[in-house]
Structure formats: C-alpha cells, structure tokens
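Structure, as structure tokens:
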Amino acid sequence: MSATSIESILIGSSAPDRLRAWYAQVLGVSIDIDGFLDFGCVSVLADARDDIAPRTAEPGRVIINYHVPDIHAAARRLEAFEVPWVSGVEYRDAGLWFATVEDPDGNYVQLIQTTPTYWTEKRKRAGLAAGPLDHARAAVRLPARDLDRARRWYAQRLGLEPVEEREGGLRYRCGGTEFVVFASTGRASGDHTQMGFTVPDLDLAVTQLRERGVEFEGEIIEVPGNYPSTGASGERATWFRDSEGNLLGLGQYSYD
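Going by the working numbering, the sequence shown runs without a break in its numbering and finishes at 330.
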C-alpha cells in the first residue's frame with residue numbers, strides 16, 4: 075500500500091473568489107484561513123490562474139465527486155440556489171445515486187450517495203463476504219464527568235473548539251478525523267491510550283502544549299515499527315491527560 079495520499083485538490087479559476095464563495099454557499103462548507111474549502115479528508119482550493127479561460131472548455135475531463143448522505147436533500151438545496159443542472163438525480167443499478175450540476179466556471183460538480191446495495195455488491199465483486207461494520211464510520215468517544223470543564227480544557231490547552239454540539243456532547247474535528255467528548259457519570263480509567271494525535275514536529279508540539287499548561291506523563295520515547303501504509307519505520311511518542319483523566323497520545327512518524 076502506498077504511503078502517498080491526496081489531501082487537497084486545486085481548481086484553477088480566473089475568478090477564484092467568486093468560485094470559492096459559490097462552493098461555500100451552495101455546498102455549505104467552510105473556508106479556512108488559506109482559502110481551502112473543507113470537505114473532510116480532502117480539501118479543495120479555488121486558485122487564481124492567468125493561463126485558463128473564464129469557462130472550462132472540457133468540463134467532463136476532470137470531475138470531483140462530492141459524497142452526500144441524502145442526495146435528495148442536497149438536490150433541493152441546489153435548486154434553491156438555481157444551480158444549472160447537467161443531469162438530475164438518478165439511481166443506477168450499481169447501488170449509487172448520482173446528480174451533476176455546473177459551478178460558475180462550468181466545471182461539473184457530481185454528487186454521489188452510496189447505498190448498502192453498493193457496498194454489498196462491491197464486496198461480492200471482490201470475492202469477499204460483507205461484514206456488518208465493513209463500511210461503518212468509526213470515531214473516538216471520550217467520557218467527561220464535567221462537560222463544561224472538558225470544553226474549557228480542550229480550548230485552553232489544545233486550542234480546539236467543537237465544530238458541533240448537542241445536549242451532553244461536543245464534536246471536534248482534527249484534519250479529516252473527528253472525536254466526541256460526551257457527558258458521562260463514569261470515570262475514565264486512563265490505563266491505556268484512548269486517542270492519539272499525529273503531528274509533523276513532535277518537539278515543537280510538546281513545547282507549545284507545555285506553554286498552554288499541558289503536563290506530560292513522561293519523556294518522549296521511541297516506538298519501533300509502524301503500519302506499512304505510513305512508510306514509517308517507527309514513531310516518537312509521548313502522552314498526557316485531559317481534564318477528565320483520559321490518556322491522550324502525541325506522536326511523530328520516524329523514517330530511516
């Protein structure tokens with residue numbers, strides 16, 4: 075498995091501000107400080123270029139697929155903004171819902187909703203039996219006896235604010251991953267790592283967190299071995315606890 079990953083896609087435009095605003099409004103996504111549109115694991119950047127026409131000449135050459143949980147709700151949103159349709163919502167035998175519209179530069183924007191049928195058929199084509207959780211999304215859940223205290227700690231110590239909240243729960247995003255801190259009468263054991271953060275510069279992260287008042291459980295240690303997909307030979311790591319006693323890891327990949 076390759077260690078190479080795609081984290082962002084650039085869309086060239088003669089009017090990037092207009093294009094960026096369109097995606098943010100029509101698809102309901104946020105724009106970060108560098109202008110990237112946050113679509114989870116992969117971000118999209120509308121960037122200014124002087125070597126392209128105002129409208130694309132071949133809209134079907136490169137099409138970005140945007141996966142949505144409810145394509146009919148997404149279609150109603152698009153219609154409310156009077157977005158030009160290329161093809162309406164349609165179901166295909168492969169177990170997928172499709173719909174395609176045009177952005178202001180003429181690029182095709184394709185929406186996809188997968189169904190259980192799609193995942194089952196895909197497993198069959200691969201000669202594998204589908205398990206009940208094969209395509210479930212996994213996310214860390216951390217207990218908190220005092221949710222307000224935990225919220226303050228994550229904001230003050232880690233600089234993290236919840237992207238969404240409900241009664242008894244706070245949802246956080248880090249890059250393309252997420253975790254939830256939830257109100258619980260139980261106490262965290264703290265006997266094992268309950269969540270880990272991977273950073274590009276461990277020493278810098280440790281210094282910055284200490285300046286925020288984070289207390290580490292020990293010194294940085296060398297952990298040999300890693301998953302083949304990372305391309306790493308090992309990991310440097312250290313640990314700290316949140317306000318509720320949850321044990322959190324902090325690591326940096328090591329390469330030979």
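Even for Gly, the Cβ is constructed at its ideal location relative to N, Cα and C.
| Asked | Found |
| --- | --- |
| Please report the residue range of the beta strand (DSSP E) in which residue 215 lies. | 214-218 |
| For residue 139, is the classification buried or exposed, using 16 other Cβ atoms within 10 angstroms of its Cβ as the cut-off for buried? | exposed |
| In or out: residue 179 buried (at least 16 other Cβ within 10 Å) or exposed? | buried |
| So who's on the other strand from residue 266, going by DSSP bridges? | DSSP, once it has assigned bridges, lists no residue as partnering residue 266. |
| For a test of the three-state rule: what should DSSP assign to residue 105, helix, strand or coil? | strand |
| Does the beta-carbon of residue 325 have 16 or more other beta-carbons within 10 angstroms, so that it is buried, or is it exposed? | buried |
| Buried or exposed: where does residue 82 fall if 16 or more other Cβ atoms within 10 Å of its Cβ makes it buried? | exposed |
| Let's see if you can read the secondary structure: which residues bound the beta strand (DSSP E) around residue 121? | 116-122 |
| Can the beta-carbon of residue 93 be found less than 8 Å from the beta-carbon of residue 120? | yes |
| Curious, which full-length alpha helix (DSSP H) runs of at least 4 residues does the stretch 222-292 contain? | 276-285 |
| Is residue 194 helix, strand or coil by DSSP? | helix |
| Are residue 142 and residue 185 close, meaning C-beta to C-beta below 8 Å? | yes |
| With DSSP run on the structure shown, which of helix, strand or coil describes residue 97? | helix |
| Buried or exposed: where does residue 136 fall if 16 or more other Cβ atoms within 10 Å of its Cβ makes it buried? | exposed |
| Where do the ends of the beta strand (DSSP E) carrying residue 138 lie? | 138-141 |
| Using CA coordinates, which residue listed in 274, 217, 106 is at the minimum distance from residue 260? | 217 |
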